[in-house]
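Add 9 to the 1-based position in the sequence shown for my numbering, that's all there is to it. All C-beta atoms, glycine included, are put in the ideal place defined by N, C-alpha and C. First the structure, in the form of C-alpha coordinates, and then the observations on it.
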Amino acid sequence: MRRILGAASLARALLVVFAVRLALIVWPFASVHELVDRKSRPRTGASPASRTPARVVAGRVDRVARFVPGATCLVRSLAARLLLGWAGHESRLRIGVARPGQAGLEAHAWVECDGVTVLGATTDTHFTPLPDLPPRSRAS
(Lines of atoms letter the chains of each structure in order from A and count residues from 1; the text may use other names and numbers.)
(Lines give C-alpha, C1' and ligand atoms only; values in the text may rest on other atoms or scores of the structure.)
Protein backbone atom coordinates (compact mmCIF):
# COMPACT_ATOMS: atom_id res chain seq x y z
CA MET A 1 0.00 0.00 0.00
CA ARG A 2 2.85 2.39 0.84
CA ARG A 3 4.37 1.83 -2.61
CA ILE A 4 1.07 2.73 -4.30
CA LEU A 5 0.76 5.92 -2.24
CA GLY A 6 4.35 6.84 -3.10
CA ALA A 7 3.74 6.28 -6.81
CA ALA A 8 0.58 8.40 -6.64
CA SER A 9 2.49 11.21 -4.94
CA LEU A 10 5.19 11.09 -7.60
CA ALA A 11 2.58 11.07 -10.36
CA ARG A 12 0.89 14.10 -8.82
CA ALA A 13 4.23 15.91 -8.59
CA LEU A 14 4.99 15.08 -12.23
CA LEU A 15 1.60 16.37 -13.33
CA VAL A 16 2.03 19.62 -11.38
CA VAL A 17 5.57 20.23 -12.70
CA PHE A 18 4.36 19.62 -16.26
CA ALA A 19 1.31 21.90 -15.77
CA VAL A 20 3.45 24.73 -14.38
CA ARG A 21 5.93 24.35 -17.26
CA LEU A 22 3.09 24.52 -19.77
CA ALA A 23 1.47 27.46 -17.98
CA LEU A 24 4.72 29.45 -18.18
CA ILE A 25 4.83 28.83 -21.93
CA VAL A 26 1.24 29.96 -22.46
CA TRP A 27 0.82 32.80 -19.94
CA PRO A 28 3.03 35.58 -18.60
CA PHE A 29 4.95 34.88 -15.42
CA ALA A 30 2.89 37.41 -13.44
CA SER A 31 -0.33 35.52 -14.20
CA VAL A 32 1.17 32.14 -13.32
CA HIS A 33 2.70 33.55 -10.14
CA GLU A 34 -0.67 35.01 -9.08
CA LEU A 35 -2.44 31.71 -9.71
CA VAL A 36 0.19 29.74 -7.79
CA ASP A 37 -0.01 32.24 -4.93
CA ARG A 38 -3.77 31.77 -4.67
CA LYS A 39 -3.72 28.00 -5.03
CA SER A 40 -0.78 27.37 -2.69
CA ARG A 41 -2.49 28.58 0.45
CA PRO A 42 -2.21 25.76 2.96
CA ARG A 43 -5.24 23.55 3.21
CA THR A 44 -6.69 23.38 6.67
CA GLY A 45 -7.65 20.30 8.60
CA ALA A 46 -4.44 18.28 8.64
CA SER A 47 -2.54 18.32 11.89
CA PRO A 48 1.14 19.25 11.65
CA ALA A 49 2.12 15.72 12.72
CA SER A 50 0.19 14.11 9.85
CA ARG A 51 1.61 16.35 7.10
CA THR A 52 4.15 15.07 4.64
CA PRO A 53 7.42 16.81 5.58
CA ALA A 54 8.26 19.81 3.38
CA ARG A 55 11.61 18.32 2.32
CA VAL A 56 9.86 15.14 1.14
CA VAL A 57 7.40 17.15 -0.97
CA ALA A 58 10.25 19.21 -2.45
CA GLY A 59 12.28 16.06 -3.07
CA ARG A 60 9.45 14.62 -5.12
CA VAL A 61 9.45 17.72 -7.30
CA ASP A 62 13.21 17.46 -7.85
CA ARG A 63 12.90 13.75 -8.58
CA VAL A 64 10.24 14.07 -11.29
CA ALA A 65 11.34 17.41 -12.80
CA ARG A 66 14.17 15.74 -14.71
CA PHE A 67 11.47 14.11 -16.88
CA VAL A 68 9.95 17.46 -17.90
CA PRO A 69 11.92 19.34 -20.56
CA GLY A 70 12.58 22.93 -19.52
CA ALA A 71 11.80 22.35 -15.84
CA THR A 72 14.00 25.20 -14.63
CA CYS A 73 14.45 26.27 -11.04
CA LEU A 74 11.49 28.62 -11.50
CA VAL A 75 9.22 25.83 -12.75
CA ARG A 76 10.31 23.55 -9.90
CA SER A 77 9.83 26.29 -7.31
CA LEU A 78 6.32 27.20 -8.47
CA ALA A 79 5.32 23.52 -8.59
CA ALA A 80 6.77 22.93 -5.12
CA ARG A 81 4.81 25.89 -3.73
CA LEU A 82 1.58 24.36 -4.99
CA LEU A 83 2.32 20.92 -3.61
CA LEU A 84 3.56 22.30 -0.30
CA GLY A 85 0.38 24.31 0.14
CA TRP A 86 -1.73 21.27 -0.65
CA ALA A 87 0.26 19.38 1.99
CA GLY A 88 -0.53 22.10 4.56
CA HIS A 89 2.77 24.01 4.53
CA GLU A 90 3.28 27.77 4.27
CA SER A 91 6.02 28.44 1.75
CA ARG A 92 7.70 31.36 0.11
CA LEU A 93 8.99 31.71 -3.45
CA ARG A 94 12.36 33.43 -3.49
CA ILE A 95 14.04 34.81 -6.60
CA GLY A 96 17.58 36.08 -6.40
CA VAL A 97 20.31 37.41 -8.61
CA ALA A 98 24.09 37.11 -8.59
CA ARG A 99 26.90 38.61 -10.56
CA PRO A 100 29.23 35.63 -11.07
CA GLY A 101 31.84 37.59 -13.00
CA GLN A 102 32.03 39.35 -16.32
CA ALA A 103 29.08 37.37 -17.72
CA GLY A 104 26.37 39.69 -16.40
CA LEU A 105 23.64 38.56 -14.05
CA GLU A 106 22.45 35.10 -13.09
CA ALA A 107 19.05 34.45 -11.58
CA HIS A 108 17.82 31.60 -9.41
CA ALA A 109 14.52 30.62 -7.77
CA TRP A 110 14.07 28.59 -4.61
CA VAL A 111 11.42 27.81 -1.99
CA GLU A 112 11.58 28.36 1.74
CA CYS A 113 9.42 26.91 4.50
CA ASP A 114 9.79 28.42 7.96
CA GLY A 115 12.90 30.28 6.81
CA VAL A 116 14.65 27.09 5.62
CA THR A 117 15.36 26.42 1.95
CA VAL A 118 13.60 23.18 1.02
CA LEU A 119 14.04 23.34 -2.76
CA GLY A 120 16.66 24.97 -4.94
CA ALA A 121 19.50 25.35 -2.46
CA THR A 122 22.74 26.23 -4.13
CA THR A 123 26.23 26.54 -2.74
CA ASP A 124 28.17 27.57 -5.85
CA THR A 125 27.00 31.19 -6.03
CA HIS A 126 25.51 33.56 -3.52
CA PHE A 127 22.19 34.89 -4.81
CA THR A 128 20.88 38.12 -3.39
CA PRO A 129 17.13 37.70 -2.86
CA LEU A 130 14.88 40.22 -4.58
CA PRO A 131 11.96 41.68 -2.63
CA ASP A 132 8.83 39.54 -2.65
CA LEU A 133 6.53 40.18 -5.57
CA PRO A 134 3.42 42.05 -4.46
CA PRO A 135 0.02 40.59 -5.29
CA ARG A 136 -1.36 42.01 -8.52
CA SER A 137 -4.35 44.25 -8.17
CA ARG A 138 -7.48 43.27 -10.04
CA ALA A 139 -7.59 46.71 -11.67
CA SER A 140 -4.41 46.08 -13.69
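8 Å contact criterion, which residue i and residue j should meet: CB distance rounded
i           : j           : result
residue 102 : residue 118 : 7 Å
residue 30  : residue 77  : 5 Å
residue 61  : residue 28  : Residue 61 to residue 28, Cβ: 20 Å. No contact.
residue 98  : residue 138 : With a Cβ gap of about 19 Å, residue 98 and residue 138 do not count as contacting.
Beta-carbon gap between residue i and residue j smaller than 8 Å
i           : j           : result
residue 129 : residue 86  : yes
residue 35  : residue 88  : no
residue 22  : residue 83  : no
residue 67  : residue 125 : no
Reference residue i; option with closest CA among the options
i           : options              : result
residue 123 : 64, 115 and 48       : 64
residue 42  : 90, 114, 116 and 131 : 90
residue 48  : 94, 116, 131 and 67  : 94
residue 19  : 72, 140, 126 and 44  : 72
residue 140 : 70, 126 and 104      : 104
residue 16  : 70, 45 and 40        : 70
residue 9   : 45, 135 and 39       : Not covered by the structure: residue 9. The range shown for the chain is 10 to 149.
residue 74  : 24, 142 and 127      : 24
Curious, which full-length beta strand (DSSP E) runs of at least 3 residues does the stretch 37 to 114 contain?
101 to 110
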